[in-house]
Ligand code: TXA
Ligand code: MG
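Numbering (my numbering), first residue to last: 1 to 319.
Shown next, in the form of structure tokens:
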């Protein structure tokens, strides 16, 4: 299959392109499009066959449910069984925006979307291209991140092209995704909200609106036999480049010296080492391929570039 790549104006997306993309979606095809978090891989969320194609294109395990995106609030009431009081408060405070709500599903939502769960995850994106596309299509659009399963989420159209070229009908290029990280996922299907995945809308921001929430134990620890994440996708290896990744944490000085020791031994062993540095540390490393992810005083710059830099290391071919 030939994948059509089309660039659009982010402020005034060309209507002709969005109409063509909407037609593809309505006919059971796949279209990748930008959102304010990461690029999404869209399909008609009520069409079981189209949703199955998402799993195939991504190589995604079938028990990992899809998020449904909507283009206006009316769209929500068609796909959920109930909008809880806490959901209403979160919607008022943060929608459209980078937070996904898990709610009881309506009968029309196919099992392929929910992976057999009786809930459905819904997001109303603020990105203009995404919103207008979904509105023109007039259907809920299933939109997981548009990467091959397991790889870092795509924050540029070129990332989508690298992973999915030849497997989907169209990619809409709307420039870099603003946040560069997946949406916050909050389960509001029961009385007390539960944070399932951290994102741009933080726990503090949520608690300011609905009071104390629970945090799924899998959020801050590595899943093992004892901790099963409530967001099924979190149990699989994800956001992972081909190169081995080592996280060094601690004070900035300790981080720099530990990484320098590692560079020294690994390079002696003939390995190519990538160093994900910040504006503050970039000139302090004794070797390696040093790429700057962002500024330590502006964490949002690090979020926006994290996946891009992980992909770049693979592109450069570091070990
Ligand atoms: O920002 C985002 O949310 C992006 C944009 C493109 O919309 N999408 C995204 O989708 O990150 P994905 O599929 O990469 O991650 C969705 C996560 C998965 O971990 C999945 O298991 C979880 O949401 N999820 C989906 N439906 C769920 C449900 N009913 N209950 C709990 N978790 C659910
Ligand atoms: Mg994903």
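The C-beta atom is built at its ideal place from N, Cα and C for all residues, glycine as well.
Here's a check: name, in chain order, each residue in its chain whose Cβ is nearer than 6 angstroms to the Cβ of residue i, leaving out the five neighbours to either side.
i	result
residue 124	70, 95 and 96
residue 39	32, 146, 154 and 160
residue 126	36, 96 and 97
residue 86	188, 193 and 210
residue 305	293 and 294
With DSSP as the reference, please indicate the residues paired to residue i in a beta bridge.
i	result
residue 7	173
residue 44	141
residue 121	67 and 102
residue 22	DSSP lists no partner for residue 22.
residue 186	101 and 195
residue 80	105
residue 292	277
residue 214	194
residue 33	40
residue 298	295
If we call anything under 8 angstroms between Cβ atoms a contact, is residue i one with residue j?
i	j	result
residue 166	residue 1	yes
residue 61	residue 236	yes
residue 183	residue 37	yes
residue 65	residue 114	yes
residue 139	residue 45	yes
residue 68	residue 188	no
residue 49	residue 80	no
residue 261	residue 3	no
residue 51	residue 43	yes
residue 90	residue 186	yes
residue 230	residue 201	no
residue 72	residue 135	yes
residue 315	residue 180	no
residue 199	residue 243	no
residue 144	residue 41	yes
residue 121	residue 100	yes
residue 150	residue 63	no
residue 197	residue 241	no
Take residue i and list the residues in its own chain whose beta-carbon comes closer than 7 angstroms to its own, dropping the five residues that flank it on each side.
i	result
residue 133	18, 21, 22 and 33
residue 137	22, 25 and 26
residue 270	none
residue 248	255, 258 and 259
residue 301	294 and 295
residue 281	252 and 256
residue 47	28
residue 303	179, 180 and 181
residue 267	273 and 287
Shorter than 7 angstroms, the distance from the beta carbon of residue i to the closest heavy atom of the ligand GTP, or not?
i	result
residue 40	You won't find the ligand GTP in this model; what it holds is the ligand TXA and the ligand MG.
Which same chain residues end up closer than 8 angstroms to residue i when comparing Cβ atoms and leaving out the 5 residues on each side of it in sequence?
i	result
residue 5	157, 161, 170, 171 and 173
residue 118	104 and 105
residue 148	58, 59, 163 and 164
residue 227	217, 218 and 221
residue 263	273, 275, 285, 286, 287 and 288
residue 278	292, 293, 294, 295, 296 and 302
Notebook entry, point to check: For the region 163-178 against the region 101-117, are there 3 or more C-beta pairs whose distance is under 8 angstroms?
Noted result: no
Note to self: So, does the region 284-304 touch the region 253-266, judging by three or more C-beta pairs under 8 angstroms?
What the structure shows: yes
Check: In chain order, what residues have a CB nearer than 7 angstroms to some heavy atom of the ligand MG?
Finding: 144, 145, 147, 153, 182, 233 and 238
Next item on the list: Could you tell me whether the region 206-220 touches the region 288-302, where touching means 3 or more Cβ pairs closer than 8 angstroms?
Entry: no
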